[in-house]
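One structure is given here, and the rest of the page talks about it.
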Amino acid sequence: MGSNAAVPPLRMAILMADTPLPKTAATFGTYGGVFIDLFRRAVEPSGAPLESVVSITTHDIVADGFESQYPDLTQVDVVLITGSKHTAFDNTPWIQALVEFAKRTLATTTPEAKAAGVHPVRMLGICFGHQIIGRALGSPVDKGPKGWEVSVTDVALSPEGAAFFGSELRTPGRLAIQQMHRDIVVEYPEGAVPLASTDICSVQGMLLPGRAVTVQGHPEFTGPIVREILEARHKIGVLNDEIYQNGIDVVDDKHDGEAIARAFLKFAQGA
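If you want it as C-alpha cells, here you go:
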C-alpha cells in the first residue's frame, strides 16, 4: 500500500446508492464516509496516509438530478458501487441509469477498448453494487429463496478466492464478512471467476480479471453499523425475532473487512 512521488494516488469514485441510518450518519456522514474510514484503516499498517494511496470522490446517485452526479470516466481509475436498501432488479429510473453506467464503465476494460486506447476503469461492487454489476453483465438478480444473511458470516472461498484475498484472512480458505441481504445474483455472468459461496447464497463474490471484483457482503460495515440496521429492520418487522437475534449474537465478531479492502485496492491499482 505504499506509494512514492512518481506514482499518483489511485482515483476512486464511490457511487453512494443509499444514506446511512442516524447513528451511522452522525459518525461518518455518508456511506462514502464509511468507505473512506475502511480504506484508511486498511492502509494504516503500511504507514502511508490514505490520501497518498487513493484520492476518493463521492457521488449521490439517488438524489434528484442523479444523471449529473456520475463521474467523468476519463478522470477516475476505479468506480465503487455501495450497498443499498433498494432492490437491484427494480426498474426505477435511477437504478436503470446505474445499470447503464455500469455497462459503460465495464466497456472501458474490454479488449476492444484497450486496442482503441480507451482509459480503463475498474469496478468494485459491494452487496447492491455486486448485484448491479451482475445485472449489467446479464446475470439474473432476484430475492434469494433461502432468505436473509445478516451480521458476521463465514464464507467459503474458492481456490481463486483464497488467492485473491491473500494470506491475511483470519482463517485460511474462509472469509468472515458482515452481511445484510436477501437479494442475490442468481448465477455467475459469463467470464466471471467464482470467489466465494455460502449455503444461502452461492454467488458471494466474483472476479472479472482486470475489470471488476465484487462481494455480496459488507467489508465496510462495523458492529455498531450492523446493529443499528438490525434494530431498525426488526422494529418495522422486516426481520423476524429469530433472524434478528441470530444477527445480534454475532454482530461484534471479528471479521476480514480490512483485509478485503486491501485486496480491493491492490486489484484497483492494477495488480
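The numbering of the sequence shown is my numbering, which starts it at 79 and goes up by one. For every residue, glycine included, the Cβ atom is placed at its ideal position computed from N, Cα and C. Computed from a prediction, not measured in an experiment: that's the story for all the values here.
- Query: Anyone know if the C-beta pair for Ile-92 and Thr-160 falls short of 8 Å?
  - Reply: Within the sequence shown, residue 92 is the residue found at index 14, counting from 1. Within the sequence shown, residue 160 is the residue found at index 82, counting from 1. Yes, the pair counts as a contact, with Cβ atoms nearer than the cut-off.
- Can you name the start and end residues of the alpha helix (DSSP H) that Asp-319 belongs to? For the purposes of this step, residue 319 is taken as the residue at position 241 of the sequence shown. Element bounds for Asp-319: 319-328.
- Message: According to DSSP, is Ser-81 part of a helix, a strand, or is it coil?
- Response: The residue labelled residue 81 in the question sits at position 3 within the sequence shown. Below a pLDDT of 50, predicted positions are generally treated as unreliable, and Ser-81, at 44, falls in that range; the measurement from the model is reported next regardless. It is coil, neither helix nor strand.
- Quick one: Cα of Asn-82 to Cα of Ala-120, how far? Numbered from 1 along the sequence shown, position 4 holds the residue referred to as residue 82. Numbered from 1 along the sequence shown, position 42 holds the residue referred to as residue 120. At Asn-82, the pLDDT of 45 sits below 50, so the modelled position is not reliable; the number obtained from the coordinates is stated separately. Roughly 18 Å separates the two Cα atoms.
- With respect to the beta strand (DSSP E) encompassing Gly-283, which residues constitute its N-terminal and C-terminal limits? Locating residue 283 in the sequence shown gives position 205, counting from the first residue. Where Gly-283 is concerned, the enclosing beta strand (DSSP E) stretches over 283-286.
- Query: If you check the beta carbons only, do Ile-210 and Leu-176 fall under 8 Å apart?
  - Reply: The residue given as residue 210 occupies position 132 in the sequence shown. The residue given as residue 176 occupies position 98 in the sequence shown. Yes, they are a contact pair.
- Item | With 16 other Cβ atoms within 10 Å as the buried cut-off, status of Thr-276 | Working through the sequence shown from its first residue, we reach residue 276 at position 198. Buried: at least 16 other Cβ atoms inside 10 Å.
- Separation of Ile-326 from Ala-346, as counted between CA atoms: Numbered from 1 along the sequence shown, position 268 holds the residue referred to as residue 346. Numbered from 1 along the sequence shown, position 248 holds the residue referred to as residue 326. Going by the C-alpha atoms only, they are around 33 Å apart.
- Message: Just to confirm the assignment, what range does the alpha helix (DSSP H) spanning Lys-221 have?
- Response: Position 143 of the sequence shown, counted from the start, is the residue given in the question as residue 221. Element bounds for Lys-221: not the alpha helix (DSSP H) but the beta strand (DSSP E), 219-221.
- Just how far apart, CA to CA, sit Leu-47 and Asp-232? The requested residue 47 is not part of the displayed model; the chain covers only 79 to 349.
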